[in-house]
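The structure under discussion appears below in the form of structure tokens.
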Amino acid sequence: MVSTILANLEGCQERVLAGRLHFNSPKEQSLQLRYDLDMQAFGIPGLSFMTRYAKGWDADYSNANSVYMRRGADGAPLQDQKRWERDIEAKYVIQSGSLKDMSLRVRQATTRATDFESDLDEVRLIVEYPLQLL
Numbered sequence: 260m261v262s263t264i265l266a267n268l269e270g271c272q273e274r275v276l277a278g279r280l281h282f283n284s285p286k287e288q289s290l291q292l293r294y295d296l297d298m299q300a301f302g303i304p305g306l307s308f309m310t311r312y313a314k315g316w317d318a319d320y321s322n323a324n325s326v327y328m329r330r331g332a333d334g335a336p337l338q339d340q341k342r343w344e345r346d347i348e349a350k351y352v353i354q355s356g357s358l359k360d361m362s363l364r365v366r367q368a369t370t371r372a373t374d375f376e377s378d379l380d381e382v383r384l385i386v387e388y389p390l391q392l393l
């Protein structure tokens, strides 16, 4: 994940990928703001925090193919769709011992959208353990 501000402007091929939503619908414009804080600078190695907000607007399915088509209750293609996602995360990477480099993350995610996505509120516990195969 890129740790800077990204904009998916019309004609640009970059995709903004947040935690759950992809923000790449037809004609959709999007913006993501993200802030990372490494607590090592404050004397706590291995602990970090991240918060991210992404917003998409102007999604228009008028000319979408059958794979991407989204229709409203009246059967018409959806237009002017909007959505946003907010993620807040705390992560700790074990610094030594037999579990060195294993990380534990707690992420709270919230998404809201007009007609084409369901709303979501969730908390995830993510465990990562790196394996050296070769």
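Heads up: the sequence shown runs through residues 260 to 393, numbered per the working numbering. Where is the CB? At the ideal position from N, CA and C, for every residue including glycine.
| Item | Value |
| --- | --- |
| Inter-residue CB distance, T373 and Q340 (contact presumed, cutoff 8 Å) | 5 Å |
| 6 Å Cβ shell around Q200 - same chain, five flanking residues per side excluded | With the chain covering 260 to 393 only, the question about residue 200 has no answer from this structure. |
| Proximity below 8 Å, CB of R371 to CB of W343 | yes |
| L379 - partner residues in DSSP beta bridges | T370 |
| Distance CB(G302)-CB(Y351) smaller than 8 Å | no |
| Inter-residue spacing [alpha-carbon to alpha-carbon] between G388 and S362 | The identity of residue 388 in the sequence shown is Tyr, whereas the question assumes Gly. C-alpha separation (whole angstroms): 7 Å. |
| Exposure of Y320, with buried meaning 16 or more beta-carbon neighbours within 10 Å | buried |
| Assigned secondary structure, Q299 (DSSP; H/G/I helix, E/B strand, else coil) | helix |
| Which residues DSSP lists as bridging S307, in chain order | D297, K350 |
| Pair within 8 Å by beta-carbon distance, A318 and S357 | no |
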